[in-house]
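Scroll down for the structure; my scribbles are underneath it.
Number of protein chains: 2
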Amino acid sequence: MKVTTLKDIANELGISVATVSKALKDYPDVNKDTKEKVLRTARKLNYSPNQLAVNLRTKQTKTIGVIIPTTVHHFFSKVIDGIIEEAEKKGYLVIILQSSEKLFLEKLQINLLIDKRVDGILMSLSNKTNEFVHLKKVLSRNIPLVLFDKIEPSIPCSKVRIDDKKAAYEAVSYLISKGYKKISHFRGDLNPKISNDRFEGYKEALEDHGITYDASLVYLCNNNTDFEDGYNNAKKLIQENPEVDSIFTITDLVAIGAIKYFNENNIKIPNDVAVFGFSNWFMSSVVSPTLTTVHQPAHQMGVVATEILLNEIELNKENIPSLHKEVILPTKLIFRESC
Amino acid sequence: MKVTTLKDIANELGISVATVSKALKDYPDVNKDTKEKVLRTARKLNYSPNQLAVNLRTKQTKTIGVIIPTTVHHFFSKVIDGIIEEAEKKGYLVIILQSSEKLFLEKLQINLLIDKRVDGILMSLSNKTNEFVHLKKVLSRNIPLVLFDKIEPSIPCSKVRIDDKKAAYEAVSYLISKGYKKISHFRGDLNPKISNDRFEGYKEALEDHGITYDASLVYLCNNNTDFEDGYNNAKKLIQENPEVDSIFTITDLVAIGAIKYFNENNIKIPNDVAVFGFSNWFMSSVVSPTLTTVHQPAHQMGVVATEILLNEIELNKENIPSLHKEVILPTKLIFRESC
DNA sequence: ATGGGCTTCGAAATCGTTTTCGATACGATC
DNA sequence: GATCGTATCGAAAACGATTTCGAAGCCCAT
């Protein structure tokens, strides 16, 4: 089953490859009749251009690369959804790679994407990423790069994120305004910036409202901020601080773990302990009681990051230097039964 | 920032491009000394081959395409995880497209991937796909194709799936063996084969164990087999068939919806009504009570489908015709509190 | 008859690699 | 000295498209 090329069309019509190419691209310097004839036989022979040749010649692939820690995560799968949606709309394809939270994989994958000549790269950094030569390599090759969610402020490129600190501040302030005073925090790992930011927001909200910060009320989720972290920390919390009246958790999954423990042990939510999540994962409206949480616009983050990237790619093509944007997407408190 | 090519290395050393290329690929007909010199300057100039040129020349892209209905779904995101993992291991990149359950998008995306000259395609069909010319086009171009999960039996290509009917049969048989007699079924949409298969398994298990099938106990999930389907159907079920003692649901999410309704209305699980799910979504071990379900090997499905595809690609390269496999992955009943 | 303007076409270079097929040189053999 | 084998290299074609630039043909004006 031979694939037809420009040459086949040219031979069929007894004209040159150049004319065929120009006819198909509607160049002004080709006769109407020949244009039509070319179009007809192109359709007849079921021609479609060999993208590899086009890419080599035009030096662009209409493809972007995405590197994220994992696809198996509700947040990231929604981001991917937004990325693919926006990219497809503009005629770009998307190659996805997972760093699995490993720095060496991240570096390797950057090289793969550079070799593959993707037009641009979208990244959310792994928790382990503490050096950035690989990112600088991308920039030095003049390949547009946009970071989202897990970003690194020092890298001169566009970034899309939420204001984790502010969101946490608002959540905890809400708890305080509802009269909660002994507010615990189940915090994330030490490394990723976002978990520190949420922690900072928690502390600042307490201080701003005259509640002194109590380190013994903060519990670490060292199990990849998993469901079990919430369950186990809830257990410890009740043993060690029975007078606690509420918890602000780093993420919904942790909150749901806590809820499970409370439900099993006949601790009433929100009467005994209120629970505040983070992310607005769709399960948060399903669990009993439904979970009050912070809405994190995952899909929108994918769309916006891709918009910015594709824009920079287009500017890059015309050699227009693009200034880098830092977009902070708004979060929103979602009020449900758990508070 | 110029990217170095073979020509640059050749110029630097005063030798030909051909020799440089051969030196880098360790051809036997190039002197050891020149080989070393080439290697050294290649490293010095930070050379990495332009994949576009390589692809054009060798006619393969080391890239596979994946078309699935959606990425925002726990099952599919785990499949993707398996696909990317296996592909990366063998040095292939993965382009992901979403059909969003639309046939016209599926067709369009097939064309995109063909134009992109991917080496092979992995697909799970949309529920709307009722004609298959686009799949035949892939095969007629001699591009390896592997279908998984939502497959079409009539297409002559490899397939990876589970035995939905058998899994459903086993689940319902288990319920019967535990003494349940009034077994309801929350079934999926009419179109995808897998939901019909599960329905068939349900019916057959009943009949084989001397329970006459009662159509009034079967409820349709017409809301995309969503959480709400389970909730609403549970409500209707209790009103219309208060004597029901158990439910077999098309998928965990529907089961969890039902569980929520029962919890809210003080209907005890499993004492009043037992609930059996399908998929072993990780939430099924989190909800209260934990959900008895059928384990569906999503990650493995991605890995196996990719293995088969890459194998066919390799054979294809050597012009060895490959016979198509149909792999049926084993499922497993997971026993928890809800039954 | 000459020149200019316009339309239409195609030769050829180019993108960066891979690979075939000679070409050359040198030493060994008879 | 003629022949052969071997080691080493490079010219050139090829992959399939894009694009520049010049050529050819024709008409019209001078």
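As you go down the protein sequences, you meet chains A and B in turn. The first sequence begins at -10 in the numbering used here and counts up by one. The second sequence begins at -10 in the numbering used here and counts up by one. For glycine and all other residues, C-beta sits at the position ideal for the given N, C-alpha and C. Just so we're clear, the structure is a prediction, and the values are computed from it rather than from any experiment.
Beta-carbon neighbours of residue i, restricted to chain B and to distances below 8 angstroms
{"i": "A:I245", "result": "V275"}
{"i": "A:T60", "result": "T60, S66, I69, D70, I73"}
{"i": "A:Q289", "result": "What A:Q289 touches in chain B: nothing, since even the nearest Cβ is about 14 angstroms away."}
{"i": "A:L101", "result": "L82"}
Helix, strand or coil at residue i [DSSP, three-state]
{"i": "A:L164", "result": "helix"}
{"i": "A:Y191", "result": "helix"}
{"i": "B:L312", "result": "coil"}
{"i": "B:R150", "result": "strand"}
{"i": "B:E285", "result": "Looking at the sequence shown, residue 285 of chain B is not Glu but Gln. Of the three classes helix, strand and coil, the one that applies to B:Q285 here is coil, per DSSP."}
{"i": "B:I56", "result": "strand"}
{"i": "B:T23", "result": "helix"}
{"i": "B:Y208", "result": "strand"}
{"i": "B:T295", "result": "helix"}
{"i": "A:S275", "result": "It is Val, not Ser, that sits at residue 275 of chain A in the sequence shown. Of the three classes helix, strand and coil, the one that applies to A:V275 here is coil, per DSSP."}
{"i": "A:K321", "result": "strand"}
{"i": "A:R46", "result": "helix"}
{"i": "A:G177", "result": "coil"}
{"i": "B:G266", "result": "coil"}
{"i": "A:L2", "result": "helix"}
{"i": "B:I99", "result": "helix"}
{"i": "A:I140", "result": "coil"}
{"i": "A:T240", "result": "coil"}
Exposure label - residue i; buried when at least 16 CB within 10 Å
{"i": "B:F93", "result": "exposed"}
{"i": "B:E307", "result": "exposed"}
{"i": "A:N116", "result": "buried"}
{"i": "A:F188", "result": "buried"}
{"i": "B:E232", "result": "exposed"}
{"i": "B:T201", "result": "exposed"}
{"i": "B:N221", "result": "buried"}
{"i": "A:P17", "result": "exposed"}
{"i": "A:R130", "result": "exposed"}
{"i": "B:L35", "result": "For clarity, residue 35 of chain B is Asn in the given sequence; the question names Leu instead. It counts as exposed."}
{"i": "A:I309", "result": "exposed"}
{"i": "A:K(-4)", "result": "exposed"}
{"i": "A:K148", "result": "buried"}
{"i": "A:E301", "result": "buried"}
{"i": "A:I227", "result": "buried"}
Contact list for residue i against chain B, beta-carbon separation under 7 angstroms
{"i": "A:F216", "result": "V275"}
{"i": "A:K91", "result": "Within chain B, no residue comes near A:K91; the closest Cβ sits about 12 angstroms away, beyond 7 angstroms."}
CB contact check: residue i to chain B, cutoff 9 angstroms
{"i": "A:E77", "result": "yes"}
{"i": "A:N87", "result": "Residue identity differs from the one stated: residue 87 of chain A is Gln in this sequence, not Asn. Yes - at least one Cβ of chain B is within 9 angstroms of the one on A:Q87."}
{"i": "A:S162", "result": "no"}
{"i": "A:I84", "result": "yes"}
{"i": "A:L304", "result": "no"}
{"i": "A:S299", "result": "According to the sequence displayed, residue 299 of chain A carries Leu and not Ser. By this cut-off, A:L299 is not an interface position."}
{"i": "A:V292", "result": "no"}
{"i": "A:Y63", "result": "A quick correction: the sequence has His, not Tyr, at residue 63 of chain A. It does: the Cβ of A:H63 has a partner Cβ on chain B nearer than 9 angstroms."}
{"i": "A:V149", "result": "no"}
CB contact below 9 angstroms: residue i versus chain A
{"i": "B:L124", "result": "no"}
{"i": "B:V6", "result": "no"}
{"i": "B:K170", "result": "no"}
{"i": "B:R130", "result": "yes"}
{"i": "B:T52", "result": "yes"}
{"i": "B:K249", "result": "yes"}
{"i": "B:V127", "result": "no"}
{"i": "B:V9", "result": "no"}
{"i": "B:V(-8)", "result": "yes"}
Proximal chain B residues relative to residue i, where beta-carbon distance stays under 9 angstroms
{"i": "A:L13", "result": "Going along chain B, no residue has its Cβ under 9 angstroms from A:L13, so there is no contact; the nearest lies around 14 angstroms."}
Could you name the residues of the region 253 to 281 of chain A whose beta carbon sits closer than 9 angstroms to any beta carbon of chain B, in the order they occur along the chain? Listed by position, the residues of the region 253 to 281 of chain A near chain B (Cβ gap below 9 angstroms) are E253, F271, M272, S274, V275, V276, S277.
Pull out every residue of the region 103 to 122 of chain B whose Cβ sits closer than 8 angstroms to any Cβ of chain A, in chain order. For the region 103 to 122 of chain B, which is checked against every Cβ of chain A, the residues closer than 8 angstroms are I103, D104, K105, R106.
In chain order, what residues of the region 20 to 45 of chain A put their CB closer than 8 angstroms to some CB of chain B? Answer in chain order: S37, P38, N39, Q40, L41, A42, N44, L45.
Which of the residues in the region 177 to 207 of chain A, read from start to end, lie with their CB under 7 angstroms from any CB of chain B? For the region 177 to 207 of chain A, which is checked against every Cβ of chain B, not one residue is closer than 7 angstroms.
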